[in-house]
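A.B. asks: First residue of the sequence shown: 801, per our numbering; consecutive thereafter. Heads up, the beta-carbon is just placed ideally off N, CA and C, and yes, glycines get one too. The structure follows.
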Amino acid sequence: MGPKQRYTSAIKAWPMEERPRERLLAHGSSALTTAELLAILLRTGTGGQSAVELARSLLEKSGGLRELDGKSAEELQEAKGLGLAKIAQLKAALELGRRLMAEEKKVLGAVTSSKEVYEWLRPQMQGLAKEVFKVLLLNGNNEVLESVTASEGSLTESPVYLRDLVNLANRHRAAALIVAHNHPSGNPRPSSTDKSLTEELVVMGRLMKIGVLDHVIIGDGRYYSFADEGLIEQYGTAFDGRRTR
801 MGPKQRYTSA
811 IKAWPMEERP
821 RERLLAHGSS
831 ALTTAELLAI
841 LLRTGTGGQS
851 AVELARSLLE
861 KSGGLRELDG
871 KSAEELQEAK
881 GLGLAKIAQL
891 KAALELGRRL
901 MAEEKKVLGA
911 VTSSKEVYEW
921 LRPQMQGLAK
931 EVFKVLLLNG
941 NNEVLESVTA
951 SEGSLTESPV
961 YLRDLVNLAN
971 RHRAAALIVA
981 HNHPSGNPRP
991 SSTDKSLTEE
1001 LVVMGRLMKI
1011 GVLDHVIIGD
1021 GRYYSFADEG
1031 LIEQYGTAFD
1041 GRRTR
């Protein structure tokens, strides 16, 4: 009796028309599942698992693509079958996705509402484990000149200095700006610190002739807009009233 045949689930043993890479080239990336797209990045599986099975396991254990993206390299190393090379490939691909969205916004042109700001920044900021403070620098037509990360902080705060925001606006010759940060708790309700910072920023903008259009706080599936709540106008009107006394 000859040696027993070892079963394999390696993708190279699959029929050609079922392999993710070949299917992507034949039918386009939209024809693949998220696990299959990840499998192309991973290239190989481990311990009898195919790359698709490894990708599916990663997604299930993480809770989804967004949660997987939020994990650090050290956390990802705990997953069986993920070495440093695979982790670097995953991180690079996810970052490219974020940068593509940023470039698409520049092509689209003007920002016209808090919802547009939220929908653009949500993939970059929702689900992060720490607060990140971003600044959108706009020209006179409210078109995005640049998106800049002004600071990265802790679970509960992201220190930002008004002079840094003004310097950014001057450096890019921006006529106006919109600031945004995330709340890792998922609740976008502004803190007293958020309110005082926004009021100080509006005052600074009035003095420096730089429009402060909004401060958007990004939570889990929802957001808070200081402009929509009338606070940007309120802060500006209060400052103008004090100056005319």
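#1: I'd like the ranges of any alpha helix (DSSP H) spanning at least 4 consecutive residues and lying wholly in the segment 818-880.
#2: Give every residue of the same chain whose Cβ lies closer than 7 Å to the Cβ of R989, excluding the five residues on either side of it in the sequence, and list them in chain order.
#3: Just to check my reading of the structure: L1031 and T993 have Cβ atoms closer than 8 Å, yes? What is that Cβ distance to the nearest angstrom?
#4: Return the Cβ separation of H983 and G1019 in integer angstroms, given the expectation that the two are a contact with Cβ distance under 8 Å.
#5: Could you pull out every residue in the same chain whose Cβ sits closer than 6 Å to the Cβ of Y1035, ignoring the five residues on either side in sequence?
#6: Is it buried or exposed for G1011, if we count other Cβ within 10 angstroms and need 16 for buried?
#7: Comparing C-alpha positions only, which one of Q877, L894, N941 sits nearest to P923?
#8: Just the Cα atoms here: how many angstroms apart are A826 and L965?
#9: Mapping DSSP to helix, strand and coil, what is L997?
#10: Taking DSSP as the reference, what is the three-state secondary structure of V1012?
#11: Can you tell me which of the three DSSP states N982 falls into?
#12: Is A950 helix, strand or coil by DSSP?
#13: V960 and F933 - do their beta-carbons sit closer together than 7 Å?
#14: Determine the extent of the alpha helix (DSSP H) in which S914 is found, giving its start and end residues.
#15: With C-beta atoms as the reference, is I978 less than 7 Å away from L936?
#16: L837 and L854 - do their beta-carbons sit closer together than 7 Å?
#17: Which residues mark the beginning and the end of the beta strand (DSSP E) in which Y1023 is found?
#18: Do R856 and A831 have their beta-carbon atoms positioned less than 7 Å apart in this structure?
#19: For M1004, which of Q889, S862, N970 has the nearest alpha-carbon?
#20: Opposite E943 in the DSSP bridges: which residues?
C.D. replies: Walking through what the data contain:
#1: 820-827, 834-842, 851-862, 865-870, 873-876
#2: Y1024
#3: The Cβ separation is near 14 Å, so there is no contact.
#4: 5 Å
#5: E999, V1002
#6: buried
#7: L894
#8: 47 Å
#9: helix
#10: strand
#11: strand
#12: strand
#13: yes
#14: 914-925
#15: yes
#16: no
#17: 1023-1025
#18: no
#19: N970
#20: A910
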